[in-house]
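Q:
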Amino acid sequence: MTKFTAIIPARYASTRFPGKPLALLGGKPVIQHVCEKASRILDEVYVATDDERIMRCVESFGGRAVMTRADHKSGTDRIWEAVGKTGTQADVIINIQGDEPFVEESQIKTLMNLFDNPDTQIGTLGKSFDTMEAVRNPNSPKIVTDMQGFALYFSRSVIPYVRGQEEPTWLDHFPYLKHLGIYAYRREVLRYITSLPQSPLELAESLEQLRWLQHGYRIRVGVTDVETVGIDTPEDLERAELFLKQQHNMTDDGMTVRF
0 MTKFTAIIPA RYASTRFPGK PLALLGGKPV IQHVCEKASR ILDEVYVATD DERIMRCVES
60 FGGRAVMTRA DHKSGTDRIW EAVGKTGTQA DVIINIQGDE PFVEESQIKT LMNLFDNPDT
120 QIGTLGKSFD TMEAVRNPNS PKIVTDMQGF ALYFSRSVIP YVRGQEEPTW LDHFPYLKHL
180 GIYAYRREVL RYITSLPQSP LELAESLEQL RWLQHGYRIR VGVTDVETVG IDTPEDLERA
240 ELFLKQQHNM TDDGMTVRF
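Residue numbers (numbering that gives the first Met the number 0): 0 to 258.
1. Quick check on Asn94: buried or exposed, where buried means 16 or more other Cβ atoms within 10 Å of its Cβ?
2. Could you give the first and the last residue of the continuous alpha helix (DSSP H) run that contains Lys108?
3. Below 8 Å on the Cβ atoms is my guess for Asn46 versus Ala64; work out the distance and round it to an integer in Å.
4. What residue from Ile30, Leu151, Gly125, Tyr175 has the CA that sits closest to Pro132's CA?
5. Output yes or no for whether 7 Å exceeds the beta carbon distance between Phe149 and Arg238.
6. Measure the CB-CB distance between Phe128 and Pro140 and report whether it falls below 7 Å.
7. Between Val57 and the rest of its own chain, which residues show a CB-CB distance below 6 Å, the 5 nearest in sequence each way excluded?
8. Counting pairs of Cβ atoms below 8 Å between the stretch 220 to 237 and the stretch 107 to 120, do you hit three or more?
9. Where does Leu241 land, buried or exposed, given buried means 16+ other C-beta within 10 angstroms?
10. Compare the beta carbon distance of Gly229 and Asp98 with 7 Å and say whether it is the shorter of the two.
11. Within its chain, find whatever has a CB closer than 8 Å to the CB of Cys34; leave out the 5 residues flanking it on each side and keep chain order.
12. Can you tell me whether Phe3 is buried or exposed, with buried defined as 16 or more other CB within 10 angstroms of its CB?
13. Where does the unbroken beta strand (DSSP E) through His32 begin, and where does it stop?
14. Starting from Tyr184 and walking both ways along the beta strand (DSSP E), at which residues does that stretch end?
15. Considering only residues of the same chain and omitting the five flanking positions on each side of Gln197, which have a CB-CB separation below 7 Å?
16. Return the CA-CA distance between Gly122 and Leu212, expressed in angstroms with no decimal places.
17. DSSP has Ala9 in a bridge; who is on the other side?
18. Relative to the C-alpha of Arg135, which candidate in Ile158, Gly125, Asp145 has its C-alpha closest?
19. If you draw a straight line from the C-alpha of Ser38 to the C-alpha of Gly215, how long is it?
20. To the nearest angstrom, how far is it from the Cα of Leu170 to the Cα of Thr130?
21. Note down the Cα distance separating Ile192 from Asn116, rounded to an integer number of angstroms.
22. Which ranges would you report for the beta strand (DSSP E) in the stretch 48 to 105 if only whole runs of at least 3 residues count?
23. For Leu189, count neighbouring C-beta atoms within 10 Å of its own C-beta (all shown protein chains included) and say buried if the count is 16 or more, exposed if not.
This is the structure:
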């Protein structure tokens with residue numbers, strides 16, 4: 000039986016929002032929301048951080064955290080260091096971002112189910128776009144997959160080009176898929192990909208997953224109908240606070256709400 004562990008990378012330094020893992024959302028730190036969501040599905044959940052303030056915060060609400068180096072270039076590198084420090088024996092490591100308090104249990108389960116197939120080396124999630132305006136947004140990477148659900152390419156550009164159709168109608172002719180930044184890796188694959196040099200495609204698009212593809216690793220994509228929205232700025236936190244209040248109000252009325 001495949002064993003899973005979630006590791007949540009959480010840095011204090013952020014150009015747009017310093018200290019955001021510790022920012023309060025509904026009276027609890029953002030990082031606590033993420034940990035609690037992951038803990039509903041997984042027995043092993045760790046926060047990997049480079050800041051003692053975050054570590055103390057996690058420990059204060061009963062979570063588990065490990066200190067990692069401050070000079071990692073990516074969350075993936077931080078996670079691999081944390082794997083060694085936690086001593087976990089998990090077969091698959093799940094990377095859940097520390098600034099995504101609305102990650103859903105169903106998303107984590109969809110990601111885990113990808114590893115029922117022994118050919119899955121790396122897993123991630125995609126969600127159908129709703130509008131062409133959203134497709135055009137370069138901050139929302141697009142995924143193109145093969146017929147077995149493996150990623151062919153990720154891009155900030157609109158791919159594919161729908162020939163013979165007016166651009167505003169392209170969504171009617173092709174199911175554009177948005178990449179959601181949650182990953183899972185088989186343990187040995189994670190070890191190898193953290194030793195890879197940056198690739199030309201990664202440098203061009205500033206998308207780390209292109210390094211893995213260009214070096215020959217395969218990424219299986221699970222499809223979810225639930226959006227994952229991160230908190231990148233103080234303004235995002237204000238919107239999240241309003242949504243959380245709305246969510247609680249509607250849940251009290253017996254309704255299910257998704258972000």
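We put the CB at the ideal spot given by N, CA and C, even for glycine. Fair warning: this is a prediction, and the values are worked out from it, not measured in the lab.
A: Reading it off the structure:
1. buried
2. Run containing Lys108: 104 to 112, per the alpha helix (DSSP H) assignment.
3. One point to set straight first is that residue 46 is Val, not Asn, in the sequence displayed. With a Cβ gap of about 4 Å, Val46 and Ala64 count as contacting.
4. The residue you asked about is not Pro; residue 132 is Glu in the sequence shown. Closest option to Glu132, Cα to Cα, is Tyr175.
5. no
6. By the CB criterion at 7 Å, Phe128 and Pro140 fall outside the cutoff.
7. Val46, Ala64
8. yes
9. exposed
10. yes
11. Ile7, Val44, Val46, Val57, Phe60, Gly62
12. buried
13. Taken as a continuous stretch (DSSP letters only), His32 belongs to no beta strand (DSSP E), being part of the alpha helix (DSSP H) at 29 to 38.
14. 176 to 185
15. Arg210
16. 12 Å
17. Within the DSSP bridge table, the entry for Ala9 names Thr48 as partners.
18. Ile158
19. 33 Å
20. 7 Å
21. Their Cα atoms are separated by approximately 20 Å.
22. 63 to 66, 91 to 94
23. buried
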